[in-house]
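Take a look at the structure set out below.
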Amino acid sequence: TRRYVAIFGTLFNDITITRADNSGTTVQTMKVPLNYGPMDKFLARTQQDPDFTAPAITLPRMSFEMTSMTYDGERKLTNMTRVSKGITNVNDRVKTQFAPTPYNLEFDLNIMTKYTEDGSKILEQIIPFFKPEFTVTAKMIDGMDILVDIPVVLNSIRSEDTYEGSYEERRSLIWTLSFTLKGYYYALS
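Under my numbering, think of the first position of the sequence shown as 411, with each following residue one higher.
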């Protein structure tokens, strides 16, 4: 599970945005921070100081979390399928690995911004790669050198504006992207 979380987070850890003045000159370029955790935690930190005296979390910011895991019977292989690998320097010895169990891991990626344009710039760096899936190849079992293609499917995009109060309250625009990572779990042999 930890490896799948790392794979998912790595897909989004190099997103940057630029801000320009009215003449089109770049004023600021910033890398968008990415954290693992629920969006509500980060949203609460942006609104925790009503007097604006404490340093607040800066926006834009992205967070992601795994929301559920479900068994995927459509990708099931027979129970007796094995993968074998010879052990180097040992004659007549092989390592075997039984067929993996398929699971779908659901992730939410939250994009929190203060300005609509920042959110659009971040989305424009993500959605072109998912048609509707993006496939990552990863080594899942170190001793077996098994490389697995892992599809990550973009299911939906939702947007929300949390600004409801006076001018003194901080505004947060939130885009939530829902993904399904089609992973496998391997039994120890």
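Cβ coordinates follow ideal geometry from the N, Cα and C atoms, glycine included.
Handout entry: Contact check, residue 535 vs residue 596, beta carbons under 8 Å
Key = No. Outside cutoff.
Quick check: the Cα distance between residue 444 and residue 430, rounded to an integer number of angstroms? 23 Å
- Message: Going by C-alpha to C-alpha distance, which of 546, 517, 487 and 563 sits closest to residue 537?
- Response: 563
(Q) Three or more C-beta pairs under 8 Å: does that hold for the segment 545 to 559 against the segment 472 to 481? (A) no
Query - Enclosing beta strand (DSSP E) for residue 518 [first to last residue] - result: 511 to 523
**Prompt:** Looking only at its own chain, which residues have a Cβ that is under 8 Å from the Cβ of residue 478, when we skip the five neighbours before and after it?
**Reply:** 515 and 516
In three-state DSSP terms, what is residue 531?
helix
Check the DSSP bridge columns for residue 588 and list the partner residues they point to.
518 and 566
Next on the checklist: Quick check: the Cα distance between residue 488 and residue 509, rounded to an integer number of angstroms?
Outcome noted: Using only the alpha carbons, I get a separation of about 7 Å.
Item to check | Spatial distance of residue 527 from residue 427 (CA atoms) | outcome: 10 Å
- Keeping to the same chain, check which residues put their C-beta closer than 7 Å to that of residue 565; ignore five residues upstream and five downstream. 588, 589 and 590
Practice problem: Just the C-alpha distance for residue 476 and residue 518, rounded to the nearest angstrom, thanks. | Solution: 7 Å
Residue from 468, 505 and 511 whose Cα sits closest to the Cα of residue 480: When only C-alpha atoms are compared, the closest one is 511.
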